[in-house]
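Residue numbers (our numbering): -5 to 124. Cβ coordinates follow ideal geometry from the N, Cα and C atoms, glycine included. Here the structure is laid out as structure tokens; the discussion comes afterwards.
This is the structure we're talking about:
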């Protein structure tokens, strides 16, 4: 067999092995890619995630500016649930019906102490053009 053909076959086998190896590595490290619990798990067993860092998307139902809190409806595969979010800055220009993403600590019975709140849609009306 020609050396050139052997070299090309060897390189192809080596590259294929590298791709397969990366796939195996990705699968074994998958749990570290997204360290937050699933929102369905939060709904089903909230006591199992106490003092855990969470990342959720939700629709703002109510804002309490005096207490710096908000009630957010979070959709899951098991149906929606509402969570109270503390340290919710009212300077976020979000209204009830708007969508936010919250990163914070799950404090217990559907209570999240927010570290970061980002506005996705400031009001439900903006869904028409997004």
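Three-state class that DSSP yields for residue i in the structure shown
i	result
residue 114	strand
residue 71	coil
residue 35	helix
Boundaries of the alpha helix (DSSP H) in which residue i is found, first to last residue
i	result
residue 54	From DSSP, residue 54 is part of no alpha helix (DSSP H) but of the beta strand (DSSP E) over 46 to 58.
residue 1	-3 to 22
Residue interval of the beta strand (DSSP E) (run including residue i)
i	result
residue 136	Past the boundaries of the shown model lies residue 136; the chain is included only from -5 to 124, so the question cannot be answered.
Closest Cα partner of residue i within the set the options
i	options	result
residue 91	73, 97, 113	113
residue 99	77, 59, 38, 87	77
residue 79	70, 1, 87, 103	103
residue 55	25, 46, 93	93
residue 30	49, 14, 20	49
residue 97	110, 52, 22, 11	110
residue 75	37, 83, 58	37
residue 115	52, 59, 1, 71	52
Neighbour-count burial assignment, residue i, 16 or more Cβ in a 10 Å radius
i	result
residue 68	buried
residue 40	buried
residue 44	exposed
residue 3	exposed
residue 26	exposed
residue 88	buried
residue 33	buried
ask   = Per the contact definition of three or more C-beta pairs closer than 8 Å, is the region 6 to 20 in contact with the region 58 to 68?
value = no
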